[in-house]
Amino acid sequence: MAGTRVLSESAVLNTWIARLLANEGWREPAAFVDRADAMDRLDLHLVGAPYGDARDRAERLIEAMEAIDRDLFDHLRQRIRVGEGRQALSPWLGGAVSPGQHYDALDALLAGVLAIDEPEIDDPSPPPEMVFYQPTPARHIVDGIRRASISAGDIVLDLGSGLGHVPMLVHVLTGARTRGVERHPAYVDSAARAASALALGGVSFVAGDAREARLAGVDVFYLFTPFLGGVLRDVLARIEAEAASRPLRVVVLGPCARTFARMPWLRSDDPDPSATDRIVVFRSSP
Ligand SMILES: C[S@@+](CC[C@H](N)C(=O)[O-])C[C@H]1O[C@@H](n2cnc3c(N)ncnc32)[C@H](O)[C@@H]1O
Numbered sequence: 073m074a075g076t077r078v079l080s081e082s083a084v085l086n087t088w089i090a091r092l093l094a095n096e097g098w099r100e101p102a103a104f105v106d107r108a109d110a111m112d113r114l115d116l117h118l119v120g121a122p123y124g125d126a127r128d129r130a131e132r133l134i135e136a137m138e139a140i141d142r143d144l145f146d147h148l149r150q151r152i153r154v155g156e157g158r159q160a161l162s163p164w165l166g167g168a169v170s171p172g173q174h175y176d177a178l179d180a181l182l183a184g185v186l187a188i189d190e191p192e193i194d195d196p197s198p199p200p201e202m203v204f205y206q207p208t209p210a211r212h213i214v215d216g217i218r219r220a221s222i223s224a225g226d227i228v229l230d231l232g233s234g235l236g237h238v239p240m241l242v243h244v245l246t247g248a249r250t251r252g253v254e255r256h257p258a259y260v261d262s263a264a265r266a267a268s269a270l271a272l273g274g275v276s277f278v279a280g281d282a283r284e285a286r287l288a289g290v291d292v293f294y295l296f297t298p299f300l301g302g303v304l305r306d307v308l309a310r311i312e313a314e315a316a317s318r319p320l321r322v323v324v325l326g327p328c329a330r331t332f333a334r335m336p337w338l339r340s341d342d343p344d345p346s347a348t349d350r351i352v353v354f355r356s357s358p
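Have a look at this one:
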């Protein structure tokens, strides 16, 4: 039985290889999603495939695809450095926004483009009421930009910014000045290095507790449920105090939406402001 399965994995690999060689559209630099799909399939069938010709050919195809991706990432990084990031990334930004916290090809593309190193963290268990690092799926960042109408004149603060891809992508796509505050200094260092390598002068990161972050001048606050309970209440009270001096937008993802939805000083046009599986935008009441 095992021999039959091994043989059939080789046969399936050969079928995929033949298809990829018959239609080489995946060689187009912009065909990132096609390459990602093809590599997933080849990887899947490589797991059970025996050593031999099919395996070698599949591995060579994967290497060719990875090389095209590396060139694409270099090209996009160069466009970002000269201020053309929005136009350069636009082919991948359309489409419907599926709810949920899964990741997709846009996340894989941005991982290659932003090239943020993930450091080892000494204390992986966060203190009570604080949440560990998990990145916002990129499609939700794009959705938040659109629904909160973030533009070049805005100052945006990501409270609990992790490795910083929200401030970086928001700046690249809108020109807004963006900041992140994050309790792990090692994350802040990685984020700052990545932003500097992309010449993102309008992006900055600060190591510290969001309860003590500088909020002056911020127009848009972003929170992907970085904390809960008393920590969230303290930060909320500080944002409310800021709302006394200017109109604010608060963009949230995850369970913290329920807390924001209960605040009488915030309103939302969203049909379900307590939704936890997609972006919800709140505006301070005048
Ligand atoms: C769910 S992750 C969100 C990361 C990022 N905002 C994003 O959306 O991709 C939450 C982040 O908040 C950070 N964090 C938790 N409590 C914090 C606090 N009190 N002050 C600053 N950062 C905090 C965590 O270390 C983690 O990186």
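Per the numbering used here, the very first residue in the sequence shown carries number 73; after that it's consecutive. Cβ atoms here follow ideal geometry from the backbone N, Cα and C, with glycine treated the same way.
It is roughly 13 Å from the alpha-carbon of E314 to the alpha-carbon of I227. When the alpha-carbon of V307 is set against those of F332, G289, S317, the nearest one is in F332. About 5 Å separates the CB atoms of F296 and T208; that is less than 8 Å, so the two are in contact. The C-beta separation of R321 from R283 comes to about 21 Å, leaving the pair out of contact by the 8 Å criterion.
Within the segment 221-309, the complete beta strand (DSSP E) segments of 3 residues or longer fall at 227-231, 249-254, 275-279, 292-296, listed in chain order.
Around the beta carbon of G274, 16 or more other beta carbons lie within 10 angstroms, which makes this residue buried. Closest option to L165, judged by alpha-carbon separation, among R107, G302, E190, L181: L181. V352 sits buried, since 16 or more C-beta atoms from the chains shown fall within 10 Å of its C-beta. The beta carbon of V324 sits closer than 6 Å to the beta carbons of L295, F332, V352 from its chain, once the five residues preceding and following it are set aside; these are given in chain order. In chain order, E81, V84, L85 place their CB closer than 6 Å to the CB of H117, counting only its own chain and leaving out the 5 sequence neighbours on each side.
Taking 4 residues as the shortest admissible run, the segment 91-177 contains the following complete alpha helix (DSSP H) segments, listed from N- to C-terminal end: 104-118, 125-153, 157-161. Assignment of beta-bridge partners to M335 by DSSP yields no partner. With a cut-off of 7 Å, the C-beta of T331 is classified as distant from ligand 1, since no heavy atom of the ligand falls inside that distance.
Spanning the alpha carbons of P122 and R339 requires a straight line of approximately 60 Å. Q173 and D349 have their C-alpha atoms roughly 7 Å apart.
Leaving aside the five residues that flank P336 on each side, none in its chain has a CB nearer than 6 Å to its CB.
Under DSSP, R321 takes part in a beta bridge, and its partners are V292, R355. Between H237 and A263, the alpha-carbon positions lie close to 8 Å from each other. Counting other Cβ atoms within 10 Å of its Cβ, R251 reaches 16 or more and is therefore classed as buried.
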